[in-house]
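Have a look at the structure below, then the notes.
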Amino acid sequence: VNRWKKDRKIFAITRDGRDYFARYALGTDFRPLPAMAAVLKILPWQSGERLAAWFESTSSFLGGKRPREVLASDPRWVARAAQDAVESESFAG
Numbered sequence: 586v587n588r589w590k591k592d593r594k595i596f597a598i599t600r601d602g603r604d605y606f607a608r609y610a611l612g613t614d615f616r617p618l619p620a621m622a623a624v625l626k627i628l629p630w631q632s633g634e635r636l637a638a639w640f641e642s643t644s645s646f647l648g649g650k651r652p653r654e655v656l657a658s659d660p661r662w663v664a665r666a667a668q669d670a671v672e673s674e675s676f677a678g
């Protein structure tokens with residue numbers, strides 16, 4: 586799991602020295618979904634909390650759904666939403 590985290594195939598939230606991983610980032614075989622690595626390559630944030638917040642927040646780009654809700658079923662759409670988030674943030678500054 587640490588290797589997956591280092592390779593940005595998955596992210597974790599650390600609390601009291603323990604890493605917690607999002608179930609929605611894993612397939613039925615409990616390995617990281619390939620889509621998660623693709624999305625994490627787009628999102629520049631390193632903080633697990635910031636990444637979790639993005640995956641948990643509703644997205645107008647995704648029709649009001651949360652990225653975590655459609656990651657497995659429509660990974661390209663989630664990647665586009667991630668790119669939109671990065672581009673939107675660059676104009677917000």
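Counting with this note's numbering, you get residues 586 to 678 for the letters of the sequence shown. Ideal Cβ placement from N, Cα and C applies to all residues, glycine included. Model, not experiment: these values are computed from the prediction.
When the beta-carbon positions are compared, Leu-625 and Arg-593 come within less than 8 Å of each other. Here the alpha carbon of Gln-631 sits roughly 21 Å from the alpha carbon of Arg-661. Checking the DSSP bridge columns, you'll see Tyr-605 partnered with Ile-598. Between Pro-617 and Ile-598, the C-beta spacing is not below 8 Å. In the DSSP assignment, Ser-642 forms no beta bridge with any residue.
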